[in-house]
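Engineer:
Pasting the structure below:
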């Protein structure tokens with residue numbers, strides 16, 4: 327999450343044109359990683375709660 331914040335903060339620097347070119351790809355990889363992490367987290371939470379008989 328900190329990496330996303332640093333990337334967004336860096337995109338305000340006008341001289342980092344190579345960074346601006348790579349920004350969409352970087353954000354997409356961050357988004358994919360966060361999505362996969364949330365999916366795994368939801369799976370494990372459901373697994374734990376089912377084993378406890380809560381879900």
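Residue numbers (my numbering): 327 to 381.
The C-beta atom is built at its ideal place from N, Cα and C for all residues, glycine as well.
Rounded to whole angstroms, what is the Cα-Cα separation between residue 354 and residue 376?
Structural biologist: 33 Å
Engineer: Would DSSP call residue 380 helix, strand or coil?
Structural biologist: Correct three-state label for residue 380: coil.
Engineer: Where residue 378 and residue 371 are concerned, what is the direct C-alpha to C-alpha distance, given to the nearest angstrom?
Structural biologist: Cα to Cα, residue 378 sits roughly 11 Å from residue 371.
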